[in-house]
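Residue numbers (my numbering): 4 to 427. We treat Cβ as the ideally placed atom computed from N, Cα and C, and that holds for glycine. Keep in mind it's a predicted model, so treat the numbers as computed, not measured. Working notes for the structure below.
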Amino acid sequence: MRILILGSGAREHAIAWKLKEEIGSNNIFTAPGNAGTQLCGTNADISVSDFEALSSFCLENKIDTILPGSEEAIANGVRDYFESNEDTKHIYVFSPNKYAGQLESSKAFAKEFMQKSSIPTAAYKSFTLEQLEEGYLFLDTLKPPYVLKADGLAAGKGVLIIDDIEEAKRSLEDMLVNQKFGTASQKVVIEEFLDGIEFSVFALTDGENYVMFPEAKDYKRIGEGDKGLNTGGMGAVSPVPFYSSSVHEKTMSQIVIPTIKGLKSENLNFRGFVFFGLILVNDNPMVIEYNVRLGDPETEVIIPRLKESLSQMILDSQNGILKSRDAIKTDEHATTVFAVSGGYPEKYNKGEIINIATDCDTLFHAGTKRVNNGLYTNGGRVLAATSYGDTMENALESSYELLTNISFNNMVYRKDIGQDLRDY
Ligand code: AMP
Ligand code: GLY
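Here's what the structure looks like:
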């Protein structure tokens, strides 16, 4: 296998790190990559959606497999592009095509899919501009808080949770009439609020069979105690203490298996990853959202726990011999804590020099760049410090220890990752 990974985050570094052990760094390429993926193979300075440049690069470098890390290239149709081109159709793009990618890129599409397959999720209705009045009436039938979601991709900002009914109506108007989130909010999903604790599970699938990856919980807010603005993710843990065998069983029978069956019965021609964003409500898992890729920072804790070969699973899916099962994973706990640039997720500096006293191969890079021999910050989220331990507490202790080795100007991290889970 000669693989091109698309993306430049710590997720892509963790994937490249895993594949390097399996197929060697000569066979690993990342576009555009970062200073971490550079340690696992070759970086190509090409944007994930510049399909023309990516195909020339693939042909020149005899790439046979592409793994998109983030949703961007999938939503822009990377698989459709490579499949529709004579020169590149032999390349195996391990992701859904653009149509099936709507499981992530359209909330209305995903909700309809769940409804057809009787998958537990919040009750909802979707509305367009012509249905604004009906939207107001639907809001009147719900109890606060009100959940309003832009249908399309809005960089994690398209979900509003509002206590006041009048404000909810104004926001609906803002989304539909004033296109608050651009074309992403031409359609709005309004749904019932679910009160519970969130976690995620991940399946690698060929559209018919699946391998379950370890579960994880991420921390999205910038501030301790889950306060402040949403970020791309400040840390994650795996396993999840409240993911008991009974929750696992319900997750499999009520959510994962019906989803995989639905992919086939709806002829979605799906392959790649399904990321189930779940919430546990009175001990019953329900789907908040699907993504069609792995999560970041969840990947930085689930990939290190995966004992099986990822490249083999991808090959098995290509050859139609993937067997449905739980992946073999370590009993160890893995945790990751993100060091971010002060000011993130708002304004922050780039180009700060990074000092790493003692490196560790599970220090996954996100916004980093190597210039000559120096390592510099190149984004909001900079480094994900992943560690193992026989308990979550021990793993966290090592992640925090690892962070004491790192410094750059205005480095910030949350000191409370996993704290809320200690009592489970
Ligand atoms: P989504 O982009 O759909 O994952 O939503 C972003 C975040 O909003 C989720 O991670 C939840 O924290 C929250 N959220 C979304 N839908 C609901 C809901 N129906 N009830 C409660 N919280 C929700
Ligand atoms: N950690 C959430 C995501 O990757 O979307």
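In the DSSP assignment, A13 falls outside any beta strand (DSSP E) and lies within the alpha helix (DSSP H) extending over 13-26.
In chain order, V343, G345 place their CB closer than 6 Å to the CB of V415, counting only its own chain and leaving out the 5 sequence neighbours on each side. Counted as a single uninterrupted DSSP element, the stretch harbouring F216 is not any alpha helix (DSSP H), since DSSP gives it neither H nor E.
Residue nearest to K220 within the set E201, L232, F205, G226 is E201 (criterion: CA-CA distance). Distance from I31 to L42 at the Cβ level is roughly 10 Å; contact not present, criterion being Cβ atoms closer than 8 Å.
For G280, the closest alpha carbon among the candidates Y222, N29, T131 is that of Y222. Boundaries around T68 are those of the beta strand (DSSP E), 68-71, since no alpha helix (DSSP H) includes it. Assigned with DSSP and collapsed to three states, N46 falls in strand.
If you compare the alpha carbons of L207, T131, T144 with that of S327, the shortest gap goes to L207. At a threshold of 7 Å, G72 does not count as near the ligand GLY, since its beta carbon sits no closer than that to any of the ligand's heavy atoms.
S314 and A337 have their alpha carbons spaced roughly 21 Å apart. With contacts defined as CB atoms closer than 8 Å, L151 and M117 fail to qualify as a contacting pair.
Rounded to the nearest angstrom, the gap between the Cα atoms of A398 and D423 is 15 Å. Apart from the 5 residues on each side of it in sequence, K190 sits with its Cβ closer than 6 Å to the Cβ of A111, S129, T131, D154 in its chain, given in chain order. Nearest C-alpha to Q105 among P307, F273, N376, E137: F273.
Taken atom to atom, the span from the alpha-carbon of L405 to that of E303 is near 15 Å.
Inclusion of V51 and E75 in the CB contact set at 8 Å is warranted, their separation being smaller than that value.
Its chain contains no residue whose beta carbon lies nearer than 8 Å to that of S256 once the 5 sequence neighbours on both sides are disregarded.
If you draw a straight line from the Cα of D67 to the Cα of K183, it comes to about 41 Å. I8 is a Cβ neighbour of L70, given a cutoff of 8 Å.
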